[in-house]
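What follows is a set of notes on a single structure, which appears directly below.
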Amino acid sequence: MSILESSSPVEQWNQTSIAEILAQEFGLRAVTQSPLGGEVDQNVAVDLSDGSRVVVKISSPGADADEIRWRHSLQALAARALEPVEVTTAIAARNGDTAVPVDRDGSRRIVTVQRWLPGRTLSELNSHSPQLLGELGRTAARMVQALAPAPALPGATTHFWDILRSAQAIAEGIDAIDDPTRQAQVRRIVGWFDQAIDSHAAGLPRSVVHQDLNDFNVLARPDANGRHHVYAVLDFADALHTARIGELAVAVAYSMLRKPNPLTAAAAVIRGYAVELDLTEDELAVLYPLAAARLCVNAVTWTKRCAETGTSYGHERMKYTWPAIALLATTPPEVGELVVREAAGAAIEPARPIPAAGARLAVPGLDLAPFEPAHEDATGDHHARLGHHLQADAGTVARRTTQSGETATLRLGVEIASPKPFEVVAPRAAVVEERSTAYLILRHEGPETIWSRWTGLDSSLSMGDPVDAGDPIGVAQSTLRVAVFRSLETARAGRQSIPPSEAAAWAIVSPDPSEFLGLDAPPNATDWTADKVLATRNVRFARSQRSYYDRPMQLVGGRGAWLYDEFGRGYLDVMNNVSHVGHTNPRVVEAATAQLRQLNTNSRFLYRGIAEYAERLTALLPDPLEVVFLVCSGSEANDLAVRIARTVTGRSDVLVVDGAYHGNTSVLTGLSPNRYKGPGGTGPDPTTHEVQQPNRYRGPFGYDDPDAGSKYAADVQRQVDRLSQRGTPPAAFIAESAMGTAGSIFYPDGYLAQAHASARAAGALCIADEVQVGFGRFGDVFWGFEGQGVVPDIVTMGKPIGNGHPMAAVVTTREIADAFDTGMRYFNTFGGNPVSCAIGTAVLDEIAEQGLQAHAAATGRVLKDRLDELAGRHALIGDVRAHGMYLGIELVRDRASKEPAPQEALLISELMKDEGMLVYPTGVAENVLKIKPPLAFTPADAELFTEVLDELLTRDW
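The numbering used here puts the sequence shown at residues 381 to 1337.
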């Protein structure tokens, strides 16, 4: 009898008996024993006297020792072929046998001892990354290859868990399912299984397979960066000579458990498998129904066994199976097969167009305008709105993707929303196939029979009623949704929207109904997918011009603190201080468009806007800062500021703070330690001199030192003295008002005051680089330097000044500006042009009228408080630094050593992006998450961001 044909778990042997058997038969001395779960065997983890650990397996009475030895031979084959993935293997007894018959308590059982493999089962991980699932797929393929030479077990043709007899296994237990909904779901999937097996079983390649790569039989372990990898495979008890696709089908089946989007997980496993092994056409056709049926076998079998025995093991095995079955039952097999084919890289037949309408306008008399894009609000005018097939709009946009699942943001079919009821006519002759309170399904005969589904229609038609093209079929009161399908089952699936990952499959089984309805095709159709845009960017731009993220999204719009991609997925922007008052801020947009309609020219002409803006800007600065230079970028501003200082003082040497970044011009690259000491850097210019970075987390003077500011500033005095003694006193001391690219470093109290005093005493000018932090971001002050109680000689501004428009400024004193005027003219073609000035003024108006400086202070406190709470729970967070809405989260692998965690920071950023939260690493070691959102960012956004970050830091990566 096969060990899998035992109907119930074995009677348990006690610890004394197990210890005696280990000593007598295997020469091993047990120290402690811990029971493990099992379907039919008794499994015990045993710690031995030599410090090692083993698993003792005691079979059910009547088990076949030769069958067990055959499985041991498979383990040995797999162990050699799967490296570096480990495989549990049997330990030989004193007599050399690996399957030892033992008579005890009146029965004979087979005892085996196997190596203990550390790690966590996939079932124990709270999440499975696409990379981990891909490794599972590769392991399945390599297992197929490893066991291909193995002979079949003599006399064995099948057993209960044989993937090909899933329908029989389900039939044996389905009556134990009391819930009629669950029964119907299982029967639907069994129907898919039967159809697939009838059509393709004969063509399936056969071999010996493990056939049980479920989530309890695969171990994972984390690497040094915390990312889990497939580590080991356990339990060959279900091995059998059968269809080799069973290996992948089982792995796919259990990968879909606990997944809100099962097909996404399945696709990741299949992609991994296809790297190692091609799938045949028959295998592609049966994989989805086989995997779904395997979960039904699990659920039905354990429901029956639980009812009979109350086994806790059974409850554990099916706890997550029923929810997965419920999701799969709504995904037709045609869609499943297309997802399989796409993941496997197999050919997919392009979608065939649906024939045009007989009645050209199925919705006559309406003035149709398109739905607003996902990133725009509806206009609320009198038009009826037309939403196109597989597109997103403001009605479907999702502002967060979470572990609750990929949001269905793409409309399935065409949607017409009208401010008044309208009559609807049939586009083609049809017969009513189905009528419910939710929808009407029409069957349209022809060269290809298709089904149309109408949702939101008040109709008096009944099942079986015929209609001709142009006949009225009902009245839509406000919103009508029409989709067409190539099978009745997909029409019945009831989907109104689908997740983007399934779009390619649904486009084939449910083509665009526009032409069928007599409507125009979607406007501005394009094949510029994110992948194509990225590929083109990589070809047409230098490698040094890198984009954010390994898997970047393609952005199409934004509003406030949110950005939106082509699929209607929203991303909370937590790092973009460029869009200072919010993406597509209405006041800024209106100012820019109005000025563009009126005038735009260069700044040497006379126009009112430049004078008004200069007045508004200087009014926000302390005396004597009153003279403005308008330029186009922060780099240009800093470059000009250094040029002014050198010209006015007649000197060349400049003091900079270690780790600083001031811009990308040739001059500024040589003044930016963050660049010249980083990858590809060639060192500082001879006239650049660094002062110690005042870093209270990593530097010698910490948060607990009340004199830290003075102690760090002392190095400025030392450098000034050194330069003065050699006869080259500095022209300038330039410092960011908070160090951004260095990792959100905030100066200790008194630092800048003492540093400025030291520099000025030597005749140097003090430059405040406000490119990152100016315009109220700190909350308690409008300019960052004000927080240090200083007034610089020159101030530079950039990023937030124009809310994303390319503008910047330098402001200095009249005395310095006059000294800079040596007769050489300074001219900037685009700096201060009328559009830039209109935008700059609108930004200042928005900050003032919306109280954004006070808002930054309040929201920044919420962010800081929540992040401090996270730091108390997650050791990866070494330090949280904040001033208003400019923050940094420094990640470390060890709080004592403060070893930076750059790989973890990058991985977290990628995962947060997938969760709809945009954050990215910065800092010298690239281990600081920069937090500097638009000031439209709200306390609710802060709560959401920290909630998602908390979830992610708790997750198994």
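Here a beta-carbon is modelled for each residue, glycine too, at the ideal position from N, C-alpha and C.
To the nearest angstrom, how far is it from the Cα of residue i to the Cα of residue j?
i	j	result
G407	L428	11 Å
R545	A633	16 Å
P1314	V1153	11 Å
A922	L1051	23 Å
T759	G938	In this prediction, T759 has a pLDDT of 46, which is less than 50 and means its spatial position is unreliable; what the coordinates show is noted afterwards. Each residue's Cα considered, the two are about 16 Å apart.
V811	E828	15 Å
V1170	P966	35 Å
D603	V649	20 Å
A671	V1304	48 Å
Y1056	D1038	11 Å
R1102	A1148	23 Å
G571	I577	10 Å
P880	R791	10 Å
N1183	E992	18 Å
G1212	E515	55 Å
V328	F1210	Nothing in the structure corresponds to residue 328, since the chain is present only between 381 and 1337.
L384	G583	With a pLDDT of 32 at L384, under the threshold of 50, the modelled position of this residue cannot be trusted; read the value that follows with caution. Computed Cα separation, rounded: 27 Å.
E504	F596	8 Å
I821	G785	29 Å
V588	R1253	48 Å
T1062	L1224	40 Å
Y1300	H1263	18 Å
F1325	W942	12 Å
Going by DSSP, which residues form a beta bridge with residue i?
i	result
H1185	Bridge partners of H1185: none, in fact.
I625	Answer is none; I625 lacks a bridge partner.
V1242	Answer by DSSP bridge pairing: none, since V1242 is not bridged.
I325	In the structure displayed, the chain extends from 381 to 1337; residue 325 sits before or after that span and is not available.
G1014	None, per the DSSP bridge assignment.
C1146	F1113
E714	E714 pairs with nothing; no bridge assigned.
N423	L416, K437
W834	L820, V862
A1262	L1267
Are there 16 or more other CB atoms within 10 angstroms of the CB of residue i, so buried, or fewer, so exposed?
i	result
E970	exposed
D542	buried
S798	buried
Q1073	buried
S842	exposed
P531	exposed
K912	exposed
E391	exposed
S387	Any answer about S387 is weak, because its pLDDT of 37 lies below 50 and its placement is not dependable; what the coordinates show is given next. Exposed, by the Cβ-count rule.
S635	buried
S1289	buried
T711	buried
Q1233	buried
Flag this pair as yes or no: are the beta carbons of residue i and residue j separated by less than 8 Å?
i	j	result
F890	T859	For the sequence presented, residue 890 should be read as Ser rather than Phe. No, Cβ-Cβ distance for S890 and T859 is not below 8 Å.
L462	V598	no
L935	Y944	yes
A1133	Q1168	yes
H769	S924	no
I1269	L1309	yes
P1172	A1144	no
E795	R861	yes
A972	V1215	yes
Taking residue i as the reference, which of the options has the closest Cα?
i	options	result
A915	D900, R931, A901	R931
E350	A1199, Q1097, S487, H1136	There is simply no residue 350 to check, as the chain begins at 381 and stops at 1337 in what is shown.
E1166	T492, D555, T1062, L1000	L1000
A1228	L997, G1296, P1301, G1107	L997
Q422	T492, E1270, N1054	T492
A654	P733, A687, T681, L513	L513
K1179	V961, D1245, L502, H452	V961
A884	G874, K1278, G898, D907	D907
W1337	P1319, G1296, Q1283, L1324	Q1283
T1334	V1011, L1256, R1205, G418	L1256
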